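Residue 198 in the numbering used here is what sits at position 181 of the sequence shown, and the numbering runs on without skipping anything. Notes to accompany the following structure.
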Amino acid sequence: MPIQQLKEFLDEANVEYMCLTHPPAFTAQELAHHVKIAGDKVVKTVIIELDGKMAMLVMPATWRVRWESLSRILDTDFVDLADEQTFQDRFPNCEVGAMPPFGNLFGMTVYCAESLTEQPELAFAAGSHTETLHMKTRDFLNLVQPMVLHRGFIKPGTQKPAWLSKSGHQPGLASKQRASGMAG
């Protein structure tokens, strides 16, 4: 969905928004830097595979997915990061990695980190790496109707629970296994 189609959708819904053009930003945190707002107010869009279906996670740019927790809260045995080649056709005219968090417009269920709902405003890539859209959070929630999750995400710098620190857990091992296809 090119930025023009997204703007038309928001205009039809009588939603106020602001669109900014900036140097290319390939991560949500780069986007936050370019538009000079806190990373917690920038939406990171993550496409997941959930029991064989594509779904969208939206969370603060500074946060990460806790895969095991997300799997439990969604009551599924399989949730994983979707491969870009698998979903790029679902987002016509959008640059890969710059999909707006409007999964409902692309036939996807949207799961939203509860922490985003507490922000008065949000900013997100609007289909390209050089355009960012800002809007009120309440308008986003009304238009997208995401399933709000209070678990399944973690803010970097959050201290690990004592039981996890003592178990000999190796940070990054699950991510490395998942990236190499070894995780089940």
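C-beta atoms are modelled at their ideal positions from N, C-alpha and C, and glycine is treated no differently. All values reported here derive from a predicted model rather than from experimental measurement.
Beta carbon of residue i, beta carbon of residue j: below 9 Å?
| i | j | result |
| --- | --- | --- |
| G114 | F43 | yes |
| L150 | Y34 | yes |
| L98 | V59 | no |
| L261 | A78 | This structure cannot settle anything about residue 261, because the visible part of the chain is limited to 18 through 201. |
On the criterion of 16 or more Cβ atoms from any shown chain inside 10 Å, does residue i qualify as buried, or is it exposed?
| i | result |
| --- | --- |
| A101 | It should be pointed out that residue 101 corresponds to Glu in this sequence rather than to Ala. Under this definition E101 is an exposed residue. |
| W80 | buried |
| P137 | exposed |
| F170 | buried |
| M73 | buried |
| E29 | exposed |
| E25 | exposed |
| T103 | exposed |
| P40 | exposed |
| F95 | exposed |
| H146 | buried |
Going by CA-CA distance only, name the one from the options that's closest to residue i.
| i | options | result |
| --- | --- | --- |
| T154 | E131, L91, D106 | E131 |
| N121 | L133, I90, R107 | R107 |
| L23 | C129, L91, Y128, F123 | F123 |
| L133 | K61, T38, F26 | K61 |
| V75 | G69, E148, A142 | A142 |
| E66 | D28, Q21, Y128 | Y128 |
| F119 | K172, H167, R168, P163 | P163 |
| R168 | Q21, R89, H50 | R89 |
Where do the ends of the alpha helix (DSSP H) carrying residue i lie?
| i | result |
| --- | --- |
| V75 | No alpha helix (DSSP H) contains V75, which is instead part of the beta strand (DSSP E) from 70–77. |
| F26 | 20–29 |
| D156 | 154–161 |
Since residue i is in the beta strand (DSSP E), which residue starts that stretch and which ends it?
| i | result |
| --- | --- |
| I90 | Run containing I90: none in the beta strand (DSSP E); it sits in the alpha helix (DSSP H), 84–90. |
| T62 | 60–67 |
_Is it the case that the stretch 48–60 contacts the stretch 121–139, given that we only count it when at least three CB pairs across the two stretches are under 8 Å?_
yes
*Does the stretch 81–91 come within contact of the stretch 115–127, defined as at least 3 CB pairs closer than 8 Å?*
no
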